[in-house]
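**Student:**
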Amino acid sequence: MRKSIFILVILTSIVFPEQNTLAVSELDAKGITKDDAQILTDKLRSGLVQTSGYTVLERGKMDEILKEQGFQQSGACSESDCFVQMGQILGVTHMVTGSIGKIGGMYSINVRLIAVSTGKIVRDVTEEYKGNIEDLLGTEMNVVVKKLMGLKVEEKKNHTWMWITAGMVGIAGAGTAYYFLSSDKGSSSGTPEKQTFDLDVSW
3 MRKSIFILVI
13 LTSIVFPEQN
23 TLAVSELDAK
33 GITKDDAQIL
43 TDKLRSGLVQ
53 TSGYTVLERG
63 KMDEILKEQG
73 FQQSGACSES
83 DCFVQMGQIL
93 GVTHMVTGSI
103 GKIGGMYSIN
113 VRLIAVSTGK
123 IVRDVTEEYK
133 GNIEDLLGTE
143 MNVVVKKLMG
153 LKVEEKKNHT
163 WMWITAGMVG
173 IAGAGTAYYF
183 LSSDKGSSSG
193 TPEKQTFDLD
203 VSW
């Protein structure tokens, strides 16, 4: 009986293989610390779990499998073929890999979605961000995740122009109000003052 159940489980996994699984390799650090790169990689992985339709392999399980196979993740791969091999070892359909660099105050993020079965790059996303790493973790990484999954990203609103427009409307409104108040003050004094003219008439 137990043997029959075991065979049934094996056959089910063959006929109905798990689809849309992916693993995220550590982002290559360029101009930032490895700790920061690892934090950003974890943020990317977390975003994919929440946003994508993929089953995302957790980092601990991923490291365990690669270690058992003698495959060191950090700095081990630089070409698509290597990531394909990594994906085959992990048993996933897709791999996410890339890099994050910093020059001055500008961050540059590049991530790729690779199909393990073909080795082709399904999607390649590059984003540049100027600011601090805290905002990068919060806003920009969410944009990267959505673009990597082919989801619609809302356009950034130009708040500067919004404030300028609001200020101009406020000034115009204040001017109009002042005009009408001045007009009302003049009309509330009663009958307009009569003006007299001296006529010099010679006969």
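Numbering (my numbering), first residue to last: 3 to 205. C-beta: ideal position from N, C-alpha, C; glycine also.
#1: Quick check on this structure: which residue in 34, 47, 22 has the alpha carbon closest to the alpha carbon of residue 102?
#2: Any idea what DSSP makes of residue 22, helix, strand or coil?
#3: Short of 8 angstroms in beta carbon distance, which residues of its chain neighbour residue 134, apart from the five on each side in sequence? Order them along the chain.
#4: Rounded to whole angstroms, what is the Cα-Cα separation between residue 44 and residue 58?
#5: Please state whether DSSP places residue 140 in a helix, a strand or coil.
#6: What would DSSP say about residue 54, mapped onto helix, strand or coil?
#7: Taking residue 55 and residue 147 to be in contact with their CB atoms under 8 angstroms, please state how far apart those CB atoms are, rounded to whole angstroms.
#8: What residue from 95, 129, 67, 23 has the CA that sits closest to residue 113's CA?
**Tutor:** In terms of the structure at hand:
#1: On the sequence shown, position 100 is the one that residue 102 refers to. Closest option to residue 102, Cα to Cα, is 34.
#2: Reading the sequence shown from its first residue, position 20 is the one you call residue 22. Correct three-state label for residue 22: coil.
#3: Here residue 134 is taken as the residue at index 132 of the sequence shown, counted from 1. Excluding residues within five positions, none has a Cβ falling inside 8 angstroms.
#4: As a working mapping, residue 44 is identified with position 42 in the sequence shown. As a working mapping, residue 58 is identified with position 56 in the sequence shown. Whole-angstrom Cα-Cα distance: 12 angstroms.
#5: Working through the sequence shown from its first residue, we reach residue 140 at position 138. Helix.
#6: Indexing the sequence shown from 1 puts residue 54 at position 52. Residue 54: coil per DSSP, three-state reduction.
#7: For the purposes of this step, residue 55 is taken as the residue at position 53 of the sequence shown. For the purposes of this step, residue 147 is taken as the residue at position 145 of the sequence shown. So it is not a contact: roughly 12 angstroms between Cβ atoms.
#8: For this step, residue 113 is matched to residue 111 along the sequence shown. Of 95, 129, 67, 23, the residue nearest in Cα terms is 129.
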